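Number of protein chains: 2
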Amino acid sequence: MTILRNPAGIPDATVARLPLYLRALDELAQQGKGVCSSEHLAAAAGVNSAIVRKDLSHLGSYGTRGVGYDVAFLASQIATVVGRTQPWEVVIVGAGHLGSALAAYQGFGARGVKVAAVVDADPRLIGTTVGGHVVRSIDELADVVEQTGVSLAIIATPPASAQGVADALVAAGIRSILNFAPTALRLPDDVDLRQVDVAAELQILGYHAHRRAAASSDAPAGEAVTS
Amino acid sequence: MTILRNPAGIPDATVARLPLYLRALDELAQQGKGVCSSEHLAAAAGVNSAIVRKDLSHLGSYGTRGVGYDVAFLASQIATVVGRTQPWEVVIVGAGHLGSALAAYQGFGARGVKVAAVVDADPRLIGTTVGGHVVRSIDELADVVEQTGVSLAIIATPPASAQGVADALVAAGIRSILNFAPTALRLPDDVDLRQVDVAAELQILGYHAHRRAAASSDAPAGEAVTS
DNA sequence: AAGAGCTTGGGAACCCGTTCACAAAATCGC
DNA sequence: GCGATTTTGTGAACGGGTTCCCAAGCTCTT
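Protein chains in written order, with our numbering: chain A, 3 to 229; chain B, 3 to 229.
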């Protein structure tokens, strides 16, 4: 009984939450829960229940009114939709602090991600082992991609090298890139790029902290002009 | 000449892009550019120019028609708005692979972030040095916060410990948390939380890769039913 | 078997953010 | 000076996402 209705047309915002549901469902399954309500799943995923129901309705009608969702079945359905039926192989470019940390990260396995290779440009790092992977030269990128069949790449290099790395990845056939380097990459339209910028995240938090502080000390007015 | 009009009411989406503009402006300044158009800034930040103008208009009128924006002045204005006039001090909780990588990250300084302390629960890690910081016990968290005056925290622990750490941070007075642990944290409403989930990012990329693959091999139709 | 109590699915309203398009304002060339 | 050119700032249209709300449908109790 596997029904996939309209596998296209899932809104981006929903797609971005599917991994959260998947993680939450795994958690609930481990707790021995066989079924769960949208309310329950929402709490576990950290969103509200209306959005859970709306999101899941985009995949099809997998719930039972008055009861909830079958945890194992729903998990397998979402896994099918996101293509997590077999692990996604990923190549990490950059074996510095961050690249090493990612290569050694134990949490990937359970989430359907498998680090297939680590490459770097620094001759001093090539041949060393990080997280159980021997670092290979970035010049072998095309070979590595072909041999391992990876389809996802993580860029964990200094910003100055990121564009060059991205170009090499695209040339090697990679179409999906997760970029940790704080740089705007220029890529062909058919390449899917996601960006993680830790310093930017902290600045966003800083803005709100700043506003909180200003609001509590100053008068909570709206206009401040200094000339 | 410092004009801050309506420092409140900046849309969240705009706030999230201000750090990108700041980084882009720093880059342009280093290239010796004194002024830049919205088009130029947009390219450097990786967004489109209409949104740059709209965003900047929320801060006030800092551009000159027919000319563009003064790079240094605009940078200082944005820095003031996000509260980056002095570095944000941050405490990193968790001295594992990821925590160490963040502690050693060289890119924070230029972005107005300063790692003030690193703490961990593991006795074997306490006293060791990561990224120039001696790891202190998580039990000293309240002291550390008081002594250093940090206002931002990064959680880089296993998911199982994250909620406990978050509670301790809140108890110590922290109101802004960046969480790398893949868990939904339950926090008071006045605490600002941002989440980074690398595995989830990869799964999102995986979904699109999956769809691409299906679209190019299968007939590019919309309905697939298996019973 | 029928009523009470849950919980899903989804229509509809609402809100926020992006894009479009253009008037206003500045510079440049002549 | 003055027209041509550039570029900002912003109103208006558009689109997508979230929230509200409730009928439909399931289970459980009596």
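In this text, a Cβ means the ideal position worked out from N, Cα and C, and glycines have one as well. Quantities reported herein were computed from a predicted structural model and do not represent experimental measurements.
Take residue i and list the residues in its own chain whose beta-carbon comes closer than 7 Å to its own, dropping the five residues that flank it on each side.
i, result
"V136(B)", "G129"
"C38(B)", "L30, G70, Y71, V73"
"G114(B)", "R86, P89, W90"
"A77(B)", "L24, L27, D28, A31"
"V172(A)", "L189, P190, V193"
"Q79(B)", "L61, Y64"
"Y209(A)", "none"
"A183(A)", "I157, T159, P160, P161, A164"
With a threshold of 8 Å on Cβ separation, who are the neighbours of residue i within its own chain once the five nearest residues in sequence on each side are excluded?
i, result
"Q165(B)", "T185, L187, R188"
"D194(A)", "R177, S178, I179"
"P21(B)", "V84, R113"
"V132(A)", "A97, G101, S102, A105, A106, V120"
Does DSSP classify residue i as helix, strand or coil?
i, result
"L195(A)", "strand"
"K116(B)", "strand"
"S63(A)", "coil"
"T131(A)", "strand"
"R19(A)", "helix"
"Y107(B)", "coil"
"I12(A)", "coil"
"A174(B)", "coil"
"G36(B)", "coil"
"P76(B)", "The sequence as given places Leu at residue 76(B); Pro does not occur at that position. L76(B) falls in the helix class under three-state DSSP."
"S158(B)", "Sequence inspection shows Ala at residue 158(B); the Ser mentioned does not correspond to that position. Correct three-state label for A158(B): coil."
"S139(A)", "strand"
"V49(A)", "coil"
"V92(A)", "strand"
"G208(B)", "helix"
"S229(A)", "For S229(A), the predicted model reports a pLDDT of 34, less than 50, meaning its position is unreliable; a value from the coordinates is still stated below. Correct three-state label for S229(A): coil."
"L189(A)", "coil"
"V54(A)", "helix"
If residue i and residue j are in contact, beta carbons under 8 Å, what's the gap, nearest whole angstrom?
i, j, result
"R25(A)", "D57(A)", "Rounded, the Cβ-Cβ distance is 14 Å, inconsistent with contact."
"A105(A)", "V117(A)", "6 Å"
"A174(A)", "V200(A)", "With 8 Å as the limit, A174(A) and V200(A) do not qualify as a contact, their Cβ atoms being about 27 Å apart."
"V167(B)", "E203(A)", "Incorrect: roughly 17 Å between the Cβ atoms, too far for contact."
Apart from the five residues just before and just after residue i, which ones in its own chain have a Cβ nearer than 6 Å to its Cβ?
i, result
"K35(B)", "V73"
Task: Selection of the segment 48 to 63 of chain B by Cβ proximity to chain A, strictly under 9 Å - done: G48, V49
Task: Interface positions of the segment 184 to 198 of chain B facing chain A (Cβ-Cβ less than 9 Å), listed along the chain - done: P184, T185, A186, L187, R188, D192, D194, L195, R196, Q197, V198
TODO: Report yes or no: do three or more beta-carbon pairs, one from the segment 35 to 54 of chain A and one from the segment 179 to 189 of chain B, lie closer than 8 Å?
DONE: yes
TODO: Please determine if the segment 150 to 164 of chain B and the segment 89 to 99 of chain B are in contact, where contact requires at least 3 C-beta pairs separated by less than 8 Å.
DONE: yes
Task: Contacting positions in the segment 102 to 136 of chain B - beta carbon closer than 9 Å to chain A - done: S102, A103, L104, A105, A106, Y107, Q108, G109, F110, A112, R113, G114, V115, G133
Task: Interface residues of the segment 205 to 218 of chain B facing chain A [CB-CB below 9 Å] - done: Q205, I206, L207, G208, Y209, H210, A211, H212, R213, R214, A215, A216, A217
- [ ] Would you check if there are 3 or more beta carbon pairs closer than 8 Å linking the segment 135 to 151 of chain A to the segment 114 to 127 of chain A?
- [x] yes
TODO: Could you name the residues of the segment 149 to 183 of chain A whose beta carbon sits closer than 7 Å to any beta carbon of chain B, in the order they occur along the chain?
DONE: S153, L154, R177, S178, L180
TODO: Return the residues of the segment 20 to 43 of chain B that lie within a Cβ-Cβ distance of less than 9 Å from chain A, sorted by chain order.
DONE: L20, P21, L22, L24, R25, A26, E29
Open item on the list: Residues of the segment 81 to 95 of chain A in Cβ contact with chain B at a cutoff of 8 Å, in chain order, please.
Closed with: V83, V84, G85, R86, W90, V92
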